[in-house]
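In full-length UniProt numbering, the protein residues as written are 1 to 1128. Single-structure report; data block below.
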């Protein structure tokens, strides 16, 4: 039986006119972009064949998919065919298309519709098979319909179209949040719905209770929880401004990614409340309600949202005849009319050419005649930004000149602004025309002459303070007026000169200052003889989008394609129209040249600093290979101590602060010992002051090379921009363990085809004309040992992987660039590059998770389940509060040889956040970032009761494998930070079994060798350039590593137990294999062998091409007995 097509609801499209549909569906598709592109292409062909226009977003990111979200316009018969494609079942697909009236011809013909529908359904079946996902089926009620009036006589069709074209694209999120809501899994959606009628009844009860409570009625039903209900509008402020439900809260957001922050800041107001939420079509409030449940847990009574959004509500309760009147205040909601009366106030903002749909409320009726002002005001929620009269239509050219956000400016105020633009040189007195409300507020018309030159430039509420000084069009301003604007802008910049949160504001104001200065210089050069006097000449405003004079503003987005066409012409180097070509500005050219020179000087200075630092490291003996300082018996490596200078540039937030305060708050751990359990906070502060006092007296802390001699001087000195703070120290490094005298390193060349043209690495005339040398195109694959950090950081410099490999491979210091990082306690694959351009390409490939496959090996405690028959000891598949969840997924994971190994992987989805930045500790939390890991059992050892797992970090969060395994109850062996115990033959036991204090003894041996060689005469200490012998001796005297100054604690007072290899320094986690896929094109697919570097071609006939490089290092000792057959 054929599926009945949706009948035209109240306010829906009819056959006599066009229509528009809104729809969305959160549905798992595929996280493979190339597979999802099959679906996108099918949608595009289907919509094009039906002559539909609009926007459809298909959600697909590296580790999840979300579904579809779209708005389409076209004729009703064609829209019905589109709806049928998603609503009919397999048993309906042999029936005819709809129940169209035979008296009305369909366009396109039924046969064309049938062909298009059949092809789309065939394409979808092919996609579902490739993606391995269930078909995307929707209910008829999930489509929101609207009627679109036919083009009015005498009006151009382009002015009436809802969308200028069809645009279907793949996005990471259906509602863009920049990843803020990535912790919300698709399984957490699809709940908390209220149908439009249920919503209507809840809101009516809520309003009635509020009204009776306000009137002091004794008949309030105390059992009704309406007093504990909060109504939240999930839309942006501009949408709320023209229409809302009475009593709802406006979170004051300009983008949806700000909503989670609002929830986090208002949790105390949501606690023990029933939360009701709504948005335009339902897609935002469905995800927002899931976030509130996710963040609040059981702290809220319930979280519900309007199914289908405002659009669906207005279909059922009608938007053309709202019964809300001014007799019902915002607090009261609605009058005591019938229960079927609409509770919606104003217009519903929509993202198409209409801008909004609802009753006419701008002073004109639908037939274009003047309507009753009183009746218009009764249905209008919005108000004009300037005269505050009722108005709720966003005009395309009425946008904030600073942030480009739409502003409500009534027609009368727009006329006033236009008149001001045309009479810029005339007096503002005696203006007999203008808006009625503005006339009532005469003070707004008594403007200074420079304010009358706005020429239809507007400022939103957030930028009201810039009304006197920020203008896009600077034509017509005199030098005095421009100077006044510049002075105001510079004053505003000074007020926000410090603080990261003001960074974007400073950038915006500084850019405007540059524009004003350029205009001033242009006038001073005499390029415009009448630059300061408009003399009544009308100054037309250029469109903010296309740059053309006289444009209505409807040239962008869903209004039109003119801006898109102009940008394409510019990108293609096409000839531009004379009025869109920017004039050549000599002042701007000089400013650009000055900026380039400044950047070149900064680059030269950084290069000189790098060269000086490298020379200093070499002179101090900190750039030697792995053999230097390594004890052959224990494998412990400790470089010789030396005296060096540590320096830092003053940050913006330090400017104006006392030096002493900055040292106490920003660097407390740089001066103090490792914390003792017996010391109190006050004792720590006293100890820090005593250490600083000693350092000042010894002259070991300097600013710009000048010693600070006492605490008073440090407290009185206020830091300034570009100040350099340095400290002279007696430098020691904690030990690391190197199993062998060399580190395993393999150099693999990357084919030139892997580099995009924009990288500057493309091949030109011949093989010898590469952008860089053959050597620079190599990537260095290092097998990093446990205990070794990837790059210099904290107390590690000479004992870092990059410096050790550079010395071993004969590279200059600071040459290798790490393309990723793994934990110091972890071993395995670490990828570095010698050329920054190569590093950028590799880093981009690794950050795009669809182009990288990672495989780790881990040894965990207990017997890890092999399949779903052995998971009884795991935690609940969904944790309390739904923070974490696990599930079994199929095997058939690809191996390096191209074959597949069957087996079940346990997938964990749990958001992770950092709770202790100082020690780098993470945990599962609702406010964390989405993290996904997969685990598979390789081997179980009953003797040690440990399991070896294959681990796949789908996302790239720090410590995610360690945190997820801890939650599963199978912590990694030796991972004391996350609950792991020790085991014979583990990574840490192979080191610490020599002697628990071996690391301390190795540091002390170095001290003794340095201070008392042979007969006891002090050995010459290697010292940085510019450090005197007196300063060197003072640095050694106050060194906290010596027994004298640590109360006998020695190195344990300077370094942590993990740094001294006494626990937590090495864990059984090994990065075994990485596979990188470079490039995209057509033809064959090349695979670069990790052993030989040779490219192997794979011709699969596909359109996408990747050069695949597989990188693998040797197995760790605790897994060396495994064979390749058991590793997927």
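All C-beta atoms in this analysis are idealised placements derived from N, C-alpha and C, irrespective of residue type, glycine included. Treat the numbers as computed from the prediction; the structure is a model and nothing was measured.
Item                                                                                                                                                                                               : Value
Please specify which runs of the alpha helix (DSSP H), each continuous and at least 4 residues long, are wholly inside the stretch 628-682, giving them in chain order.                            : 659-666 and 668-671
Flag this pair as yes or no: are the beta carbons of residue 275 and residue 230 separated by less than 7 Å?                                                                                       : yes
Please report how far the alpha carbon of residue 709 lies from the alpha carbon of residue 1025, in whole angstroms.                                                                              : 21 Å
Three or more beta-carbon pairs under 8 Å between the stretch 641-648 and the stretch 724-732, yes or no?                                                                                          : yes
Which value, in whole angstroms, describes the spacing of the CA atoms of residue 394 and residue 355?                                                                                             : 7 Å
Check whether the stretch 488-504 touches the stretch 463-479, counting contact only when three or more Cβ pairs, one atom from each stretch, lie closer than 8 Å.                                 : yes
Report the three-state DSSP secondary structure of residue 844 (helix, strand or coil).                                                                                                            : helix
Fully enclosed by the stretch 679-746, which alpha helix (DSSP H) runs are 4 residues long or longer?                                                                                              : 681-697 and 711-716
Compute the beta-carbon to beta-carbon distance between residue 171 and residue 54, rounded to the nearest angstrom, for a pair I have assumed lies under 8 Å.                                     : With a Cβ gap of about 15 Å, residue 171 and residue 54 do not count as contacting.
Helix, strand or coil for residue 209, going by three-state DSSP, please let me know.                                                                                                              : helix
For residue 800, which option in 288, 407 and 823 has the closest C-alpha, if you only look at C-alpha atoms?                                                                                      : 823
State the start and end residues of the unbroken beta strand (DSSP E) segment that holds residue 916.                                                                                              : 912-916
Here's the rule: buried if 16 or more other CB atoms are within 10 angstroms of the residue's CB, otherwise exposed. What is residue 721?                                                          : exposed
Pairs of beta-carbons, one from the stretch 239-247 and one from the stretch 283-294, closer than 8 Å: are there three or more?                                                                    : no
Go ahead and pull the three-state DSSP assignment for residue 1027.                                                                                                                                : coil
Looking at residue 33: is its Cβ nearer than 7 Å to the Cβ of residue 192?                                                                                                                         : no
Touch check for the stretch 971-978 and the stretch 865-880: three-plus C-beta pairs under 8 Å?                                                                                                    : no
Which of the three DSSP states is assigned to residue 1116 in this structure?                                                                                                                      : coil
I need the DSSP call for residue 183, collapsed to helix, strand or coil.                                                                                                                          : coil
Taking the Cβ atom as the reference point for each residue, do residue 180 and residue 260 lie within a distance shorter than 7 Å?                                                                 : yes
Where do the N-terminal and C-terminal ends of the alpha helix (DSSP H) with residue 1141 fall, by residue?                                                                                        : No answer is possible for residue 1141: the residues shown for the chain start at 1 and end at 1128.
In this structure, how does DSSP classify residue 201 when only helix, strand and coil are distinguished?                                                                                          : helix
Could you spell out the range, first to last residue, of the beta strand (DSSP E) harbouring residue 858?                                                                                          : 852-861
By the three-class DSSP mapping on this structure, what secondary structure does residue 257 have?                                                                                                 : helix
According to the Cβ coordinates, are residue 81 and residue 43 closer than 7 Å?                                                                                                                    : no
Here's the rule I'm using: 16 or more other beta-carbon atoms within 10 Å means buried, otherwise exposed. How should residue 705 be labelled?                                                     : exposed
Give every residue of the same chain whose Cβ lies closer than 8 Å to the Cβ of residue 888, excluding the five residues on either side of it in the sequence, and list them in chain order.       : 867, 868, 871, 904, 905, 906 and 907
What did DSSP end up calling residue 228 once you bin it into helix, strand or coil?                                                                                                               : helix
Indicate the three-state DSSP secondary structure (helix, strand or coil) for residue 31 in the structure shown.                                                                                   : coil
On the premise that residue 754 lies in contact with residue 1107, defined as a C-beta separation below 8 Å, what is that separation, rounded to the nearest angstrom?                             : 5 Å
Taking only the alpha-carbon atoms, compute the straight-line gap between residue 745 and residue 816 and give it to the nearest angstrom.                                                         : 13 Å
In the DSSP output, which residue or residues are listed as bridge partners for residue 1076?                                                                                                      : 852 and 1109
Hey, could you find the ends of the beta strand (DSSP E) residue 950 is sitting in?                                                                                                                : 946-953
Is it the case that the stretch 1063-1082 contacts the stretch 784-791, given that we only count it when at least three CB pairs across the two stretches are under 8 Å?                           : yes
Taking the straight line between their C-alpha atoms, what separation do you get for residue 857 and residue 951?                                                                                  : 6 Å
Please go through the same chain and pick out, in chain order, the residues whose beta-carbon is closer than 6 Å to the beta-carbon of residue 252, but skip the five residues on each side of it. : 237
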